[in-house]
Amino acid sequence: GENVEQHPSTLSVQEGDSAVIKCTYSDSASNYFPWYKQELGKGPQLIIDIRSNVGEKKDQRIAVTLNKTAKHFSLHITETQPEDSAVYFCAVGRASGYSTLTFGKGTMLLVSP
Amino acid sequence: GAGVSQTPSNKVTEKGKYVELRCDPISGHTALYWYRQSLGQGPEFLIYFQGTGAADDSGLPNDRFFAVRPEGSVSTLKIQRTERGDSAVYLCASSDHSSDTQYFGPGTRLTVL
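Heads up: the sequence lines are chains A and B, in that order. Anchor point for the first sequence: position 23 equals 117 in my numbering, and the numbering is continuous, going up by one each time. Anchor point for the second sequence: position 60 equals 92 in my numbering, and the numbering is continuous, going up by one each time.
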């Protein structure tokens, strides 16, 4: 089965700094890579996703890059704000319209004012 | 519009008891997923429904766990003879036929004493 590794497990930054979270996966057939943000007591919320026919995708302060050859992808958050503090999960699946997701263990991001 | 809803939000039960957890997906979403999230971990896949049928139940840990979706909308996750190790947050997600995006509910926190 698919194996997803996520690093770091915790990340502390100052407001305005950038944050980078990295994930690797094992199944070369995987081609769908979403990122979720989870706040305390809430369900995961999709913040951005990428498919394997694309190398990079941006949405305002958030970007995701994918290296399919090396089987790793990263989340980049620029100009971090205190409200970005949460747990972030990467996930891996198949872009077939219906796909179970395999999640990483999560990164707790703390943005200090 | 309304998102995925789950009831109850919290459930405390005693070891050996039977519990039912309910998920109301986004209206019109044909795919429904159940995941389990233990403390400090990412969500782990349990079962996936396409319409009324369980298309993939490979994540169910044992035969004490069962899920139904009789009319292709609401789903119920049923756990028999609960054990302390079943304590976790049970998350439900749904998606429609044209998208890979899974929308998660807030989860049900199950505590087995």
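For glycine and all other residues, C-beta sits at the position ideal for the given N, C-alpha and C.
Where Arg145/A is concerned, the enclosing beta strand (DSSP E) starts and stops at Gln139 to Arg145. Under the 7 Å criterion on CB atoms, Phe97/B is classed as non-interfacial with respect to chain A. Interface with chain A (7 Å Cβ-Cβ cutoff): Tyr80/B is included. At a cut-off of 7 Å between beta-carbon atoms, Lys136/A makes contact with chain B. Asn125/A sits buried, since 16 or more C-beta atoms from the chains shown fall within 10 Å of its C-beta.
Under the DSSP assignment, Lys43/B falls in the beta strand (DSSP E) whose first and last residues are Asn42 to Thr45. With respect to Leu71/B, Ile79/B sits apart: the two C-beta atoms are not nearer than 7 Å. In the three-state DSSP reduction, Pro176/A falls in the helix class (H, G or I).
When Ser126/B, Arg141/B and Leu142/B are compared, the shortest CA-CA separation from Gly60/B is found for Ser126/B. Under the Cβ criterion of 7 Å, Phe183/A is counted among the residues facing chain B. The C-beta distance from Gly104/B to Val36/B rounds to 15 Å, too long to fall under 8 Å, and the pair is not in contact. The continuous beta strand (DSSP E) containing Leu203/A extends over residues Thr201 to Ser206.
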